[in-house]
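S.K.:
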Amino acid sequence: MSVDNGAPGKTSVNAEGTRQDDERDERGDEARAPFEEDGRADQALDFVIDTLAAMGMDCTVDLLENEPEDPPEEIRLEIEGRDAGRIIGKKGQTLAALQFLANRVINRPGKQRRHVIIDAEGYRARREETLTSMARRLGKQAVEEGKIITFEPMNPQDRRVVHLALAKFPGVVTKSDGEGDARRVQIIPVRR
Numbered sequence: 001m002s003v004d005n006g007a008p009g010k011t012s013v014n015a016e017g018t019r020q021d022d023e024r025d026e027r028g029d030e031a032r033a034p035f036e037e038d039g040r041a042d043q044a045l046d047f048v049i050d051t052l053a054a055m056g057m058d059c060t061v062d063l064l065e066n067e068p069e070d071p072p073e074e075i076r077l078e079i080e081g082r083d084a085g086r087i088i089g090k091k092g093q094t095l096a097a098l099q100f101l102a103n104r105v106i107n108r109p110g111k112q113r114r115h116v117i118i119d120a121e122g123y124r125a126r127r128e129e130t131l132t133s134m135a136r137r138l139g140k141q142a143v144e145e146g147k148i149i150t151f152e153p154m155n156p157q158d159r160r161v162v163h164l165a166l167a168k169f170p171g172v173v174t175k176s177d178g179e180g181d182a183r184r185v186q187i188i189p190v191r192r
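Just so you know, we're using my numbering here: the sequence shown kicks off at 1 and counts up by one.
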């Protein structure tokens, strides 16, 4: 296993040379301390490397530098190699499970939450592209037929992609319906 321990993220700095971080949490209601690197990116990387080694997978794991638009507390890992397809699993289930476990390992009570995003061979980008085009096609169909279209149950990340793809789509609104793993997105045509 080879590992690239590149810088885990970038921080925006204003004209006075001080950090600029969002002062609200994910719910938008509490102030939070400025982001400081705390070693959890390396902890997530080590966890994923150890897990893949225990699974006998022939892969490399890279700690990616965050894009400027990404929150600084986000930890992005990329898996590449011969067994990367096996890590993705059916409809990304194995990849999602690995990501869930990595998030549980690094997020402990009393610490600011960090979000681990694990990708394998660009799967998430391809999946997002596929979901976006399917959502737009079905949005057009919902407008033409005047009927509500309901997707199969999806994980939160996939539902978010559909909602964002249709957020500015004329003639439809989207809504999530259901509980837990049975939660689905509905495309609802707007009456004129």
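Idealized CB from N, CA, C, for every residue including glycine.
Quick caveat: nothing in here was measured; it's all calculated off a predicted structure.
Hey, would you say residue 151 sits closer than 8 Å to residue 162, going by beta carbons?
M.R.: yes
S.K.: Where residue 74 and residue 41 are concerned, what is the direct C-alpha to C-alpha distance, given to the nearest angstrom?
M.R.: Between residue 74 and residue 41, the alpha-carbon positions lie close to 9 Å from each other.
S.K.: Once DSSP output is grouped into helix, strand and coil, what is the label at residue 112?
M.R.: coil
S.K.: In terms of alpha-carbon separation, which member of 70, 175, 138 and 98 lies closest to residue 55?
M.R.: Considering only alpha carbons, the answer is 98.
S.K.: Grouping DSSP H, G and I as helix and E and B as strand, with all else coil, what is residue 191?
M.R.: coil
S.K.: Pairing CB atoms from the segment 108-128 with CB atoms from the segment 75-94, are three or more of them under 8 Å?
M.R.: yes
S.K.: For residue 75, name the three-state secondary structure that DSSP assigns.
M.R.: strand
S.K.: Quick test of the definition: if touching needs 3 or more C-beta pairs under 8 Å, does the segment 173-188 touch the segment 134-153?
M.R.: yes
S.K.: Identify the residues that DSSP records as bridge partners of residue 176: which are they?
M.R.: 185
S.K.: Alpha carbon to alpha carbon, how far is residue 61 from residue 103?
M.R.: 16 Å
S.K.: Helix or strand or just coil, what does DSSP make of residue 120?
M.R.: strand
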